[in-house]
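Okay, so here's the structure we're looking at.
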Amino acid sequence: MELQERLNDVRARISAAERQSQRPAGSVQLVAVSKTFDAEVIRPAIAAGQRIFGENRVQESQGKWPELKTETPGIELHLIGPLQSNKVADAVALFDVIETVDREKIARAIAGEMKRQGKTVRLYVQVNSGLEPQKAGIAPADTPAFVYFCRNELGLSIEGLMCIPPAEENPGPHFALLAKIARQCRVEKLSMGMSGDYETAVAFGATSVRVGSAIFGAR
């Protein structure tokens, strides 16, 4: 299939999953994950009406998105990969949403940088739902206290939680856990589900799904 066909297929599957779960149409946003793909590959997705994109690396994003954002107003760019402290200024300048707030040092740096730049970036806390040592993210048990710290100590508005379940496990329990923590934290947004499990994520309450290879093809 061509990219536009794959994109339309993903959109149709999200709509079907919304109906199956008796959720309102349009309640789940599609974040098209364009990491590793250059601007020429991304432009057809933009032409097909996609406006929300996800990237893993700040430096890679700086090489393509300033031009693409200038060409097409209204694009919303999400950082969905780990954020290093030396990239916080660049991330705040370029991204509209940072989904990977996962430690006190980064939260402090983001708060300071938003104040310095006079820009508000929407923020999600990344939760390491499988307690995987190689993955970033706050432990589930520590997430409510971390969200409280971000809100009350730093004045940050945390609008959502994000997780990446272990590849070899059933994602459903991880999605259910994230939804439970979100209720505890009074957080409304849930970023969960990728190309292999986004329909399952919709059933568990995802408000956005991060889909890359099902749209852009194998990397």
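Letter by letter, the sequence shown follows residues 1 to 219 in UniProt numbering. Virtual Cβ for every residue (Gly too), placed ideally from N, Cα, C.
Ranked by how close their Cα comes to the Cα of Leu77, the residues Val31, Met114, Glu60 and Gly49 have Val31 in first place.
For Leu131, the secondary structure class from DSSP, reduced to helix, strand or coil, is coil.
For Gln59, the uninterrupted alpha helix (DSSP H) run begins and ends at Val58 to Gln62, by DSSP.
According to the DSSP assignment, Glu159 belongs to the beta strand (DSSP E) that extends over Ile158 to Cys163.
According to the DSSP assignment, Glu55 belongs to no alpha helix (DSSP H) but to the beta strand (DSSP E) extending over Ile52 to Glu55. Runs of the beta strand (DSSP E) lying entirely within the segment 20-49, each at least 3 residues long, are 29-33 in chain order. Secondary structure at Gln184: helix, using DSSP grouped into helix, strand and coil. Taken atom to atom, the span from the alpha-carbon of Tyr148 to that of Ala111 is near 14 Å. Note on geometry: alpha-carbon atoms of Ser34 and Phe95 lie some 14 Å from one another. Look at Thr207 here: in three-state DSSP terms it is coil, with no helix or strand label. Pairing Ser129 with Cys163 gives a Cβ-Cβ distance under 8 Å.
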